[in-house]
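Engineer:
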Amino acid sequence: MKLSKLVAAISMTFALSVQANTLPVEEAVLTSPPLVPPPITRDHAAKVVVKMETVEKVMEIADGVEYMFWTFGGSVPGQFLRVREGDEVEFHLSNHPDSKMPHNIDLHAVTGPGGGAAASFTAPGHTSVFNFKALNPGLYVYHCATAPVGMHIANGMYGLILVEPKEGLPPVDREYYVMQGDFYTKGAYGEQGLQPFDMDKAIKEQPDYVVFNGAVGALNGDKALTANVGETVRLYVGNGGPNLVSSFHVIGEIFDKVSVEGGNLMNENVQTTLVPAGGAAMAEFKLDVPGNFILVDHSIFRAFNKGALGMMAVDGDEDKIVYSGKVADNVYLPEGSAVQVMPNGHPKVTAKNKEERMMYGKRVYEANCQACHQGGGEGIPGAFPPVAGSDFLNEDPTRAVDIVLHGLKGPIKVNGQAFDSIMPAMRLSDEDVANVLTYVLNSWDNQGGEISPDEVAKRREAGKPIVMEGSAH
Ligand SMILES: [Cu+2]
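Letter by letter, the sequence shown follows residues -20 to -1, 1 to 453 of mature numbering (1 follows the signal peptide of the UniProt record, and there is no 0).
1) Considering only DSSP beta bridges, list what K237 is partnered with.
2) Return the chain-ordered ranges of every alpha helix (DSSP H) run that is complete within the segment 348 to 405 and spans a minimum of 4 residues.
3) Among I141, I183, F71 and N116, which one has its Cα closest to the Cα of V28?
4) Find out if the Cβ-Cβ distance for the pair I431, V381 is shorter than 8 Å.
5) Which residue marks the beginning of the alpha helix (DSSP H) containing I133, and which one marks its end?
6) Tell me which same chain residues have a C-beta within less than 7 Å of the C-beta of P145, skipping the five on either side of it?
7) Is the CB-CB distance between V269 and F228 below 8 Å?
8) Would G287 and V190 qualify as a contact pair, given that the criterion is a beta-carbon distance under 8 Å?
9) Inspect the beta-carbon positions of K334 and Y419 and report whether they are closer than 8 Å.
10) Buried or exposed: P77, going by 16 or more other Cβ atoms within 10 Å of its Cβ?
11) Can you give the beta carbon distance from G136 to G194, rounded, assuming they're within the 8 Å contact cut?
12) What did DSSP end up calling K444 once you bin it into helix, strand or coil?
13) Just jot down, in chain order, the residues whose CB lies closer than 7 Å to any heavy atom of ligand 1.
14) Work out the CA separation of G429 and A331 for me, nearest whole Å.
15) Which value, in whole angstroms, describes the spacing of the CA atoms of A125 and P82?
16) Drop a sphere of 10 angstroms on the beta-carbon of R62, count the other beta-carbons inside from all chains shown, and report buried for 16 or more, exposed for fewer.
17) Can you find at least 3 beta carbon pairs, one from the segment 33 to 41 and one from the segment 194 to 207, that sit closer than 8 Å?
18) Return the CA-CA distance between K(-16) and G218, expressed in angstroms with no decimal places.
19) My output table needs one value for Y345: the three-state DSSP class, helix, strand or coil.
20) Give me, in chain order, the residues of the same chain whose beta-carbon lies closer than 7 Å to that of V307; leave out the 5 immediate sequence neighbours on both sides.
21) So F163 and A134 are supposed to be a Cβ contact under 8 Å. How far apart are they, rounded?
22) Check whether the Cβ atoms of V267 and V209 lie closer than 8 Å to each other.
23) Extract the residue ranges of the beta strand (DSSP E) inside the segment 155 to 195, only unbroken runs of 3 or more that lie entirely within it.
24) For V152, I'd like the list of residues in its chain whose CB is within less than 7 Å of its CB, leaving aside the five on either flank, ordered along the chain.
25) Would you report the Cα separation of G243 and G356, rounded to the nearest angstrom?
26) In terms of DSSP beta bridges, what is G221 paired with?
27) Using DSSP with H/G/I as helix, E/B as strand and the rest coil, what is A437?
28) Assuming P14 contacts L199 under a Cβ cut-off of 8 Å, what Cβ separation, rounded to an integer in Å, is found between them?
29) Exposed or buried, what is V5 when buried is set at 16 or more other beta-carbons lying within 10 Å of its beta-carbon?
30) Here's a check: name, in chain order, each residue in its chain whose Cβ is nearer than 6 Å to the Cβ of S79, leaving out the five neighbours to either side.
31) Between which two residues does the alpha helix (DSSP H) harbouring F281 extend?
32) Below 8 Å on the Cβ atoms is my guess for V344 versus V416; work out the distance and round it to an integer in Å.
33) Can you tell which of I360, H386, W424 and R379 has its C-alpha closest to the C-alpha of A398?
34) Hey, quick one: how far does the beta strand (DSSP E) through V90 stretch, first residue to last?
35) Ignore the nearest five residues each way along the sequence and tell me which others in S370's own chain have a CB closer than 6 Å to its CB.
36) Of the residues K300, F281, P93 and D412, which one's Cα is nearest the Cα of Q354?
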């Protein structure tokens, strides 16, 4: 060996060993959604060892609908990974022996061809190891990039890695991990049983499901995100795609700060932020009033018909200046309106018998109830209770009259499922309330019966808004 080469070899070994010796080694804390590992308190770089496993497993994508997900760490999205700018990451990717497929990982935080994909290609029952240095701070997507790439992503193989800037992120009271994805099943939305992946729909970009954190209702009901009035929350929002761009919005909140696309650009006072497929954003907001705040993709049919709907339940004292709630409900009669037209645009009709009542009631349902309770009365888990086969409804149809006339809020159980939300009072005539409830009572395995406009008129006088015990609102 020539002297110069020898010197080079020695100094390289020296450099490597110096690095290996000086950087403290630690194992990364990985969390499943919606949790985020704690902020990094170190003021220096470290060698961070990450051990992640790919697992193929059946989970529910909606109530009664199963799907064979391919995952990083057993959840969709995969485990959240948090490192510091300048850290050296030693990534161990293990593919569970029961897997049918090889998998790999492309981290958008990696500088290098394929983002680690080729180096991490791993057959079932094997582990691959590769290293990278986290050069750029920001919030990055990672995903599987094994062919067919689209299919691996469509089956749930994505997650987020946060590279904190050296100076750290401003402290907040709570941090959560929310990631959107679109899913393509052979059956239509809600069709029961184990649903295989549908390649045709995926190519046409026509998903049956668009969801946060891997399932319809993953962030609803008792799985809702929580916070208290006065706290500041940071959401790490990702979008795995594979196809759709998300118009991420929280109903009733304004993002005080958004790190646009997860990078250094800070925007302020944002209503809706775009999260590209294979991209991310950080959204921060302070909670000023209590209540349920609904997370949606504001491409709104996705929220109400495909599942892109989550919830943040905020506890604390009201501030009537920031938000008053309804302070008045006065009768509004526009001048000169001679013909009485119902709110749904249909002229006033009077049912002559039960059959007509049901027929007219169906119209009222479609115009006024379906948006929340859904076309087949099935509701949306965690958000809107079912009126199909509802034990709560059948137990007391008169109470249902009060609910439609005057509204309902607070915790209830319908067929064993818990709901804690608000149904607003409906502005409907006695005739329409009688018709719609008769229709509902005689549809979808409910017990039958008939409600008359007279009965509704009496409840309009005697009834009042129903507030269930334990209401937080
Ligand atoms: Cu894969």
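Yeah, the Cβ is synthetic: ideal placement off N, Cα and C, and Gly gets one too.
Structural biologist: For this structure:
1) Looking at the DSSP output, K237 sits in a beta bridge with E248 and E264.
2) 350 to 353, 371 to 375 and 377 to 386
3) F71
4) yes
5) V129 to A134
6) E65 and P117
7) In this structure, V269 sits away from F228, with a CB-CB distance that is not shorter than 8 Å.
8) yes
9) no
10) exposed
11) The Cβ separation is near 6 Å, so the contact holds.
12) coil
13) T34, W50, M81, H83, N84, C124, T126, H132 and M137
14) 15 Å
15) Separation of A125 and P82 (C-alpha to C-alpha, rounded to the nearest whole angstrom) is 10 Å.
16) buried
17) By the Cβ test, the segment 33 to 41 is in contact with the segment 194 to 207, since at least three Cβ pairs between them sit closer than 8 Å.
18) Confidence at K(-16) is low in this model, with a pLDDT of 49, below 50, so its placement is unreliable and no value can be given for it.
19) helix
20) none
21) 7 Å
22) Note that residue 267 is Leu in the sequence shown, not Val. Taking 8 Å as the Cβ cut-off, L267 and V209 qualify as a contacting pair.
23) 189 to 192
24) Hits under 7 Å: T212, V213, R214 and E264.
25) 43 Å
26) G161
27) helix
28) 7 Å
29) V5 should be labelled exposed.
30) E36 and P104
31) F281 to N285
32) 4 Å
33) I360
34) Per DSSP, V90 belongs to no beta strand (DSSP E) and is neither H nor E.
35) V394
36) Selection K300, F281, P93 and D412 evaluated against Q354 yields F281 as nearest (Cα-Cα).
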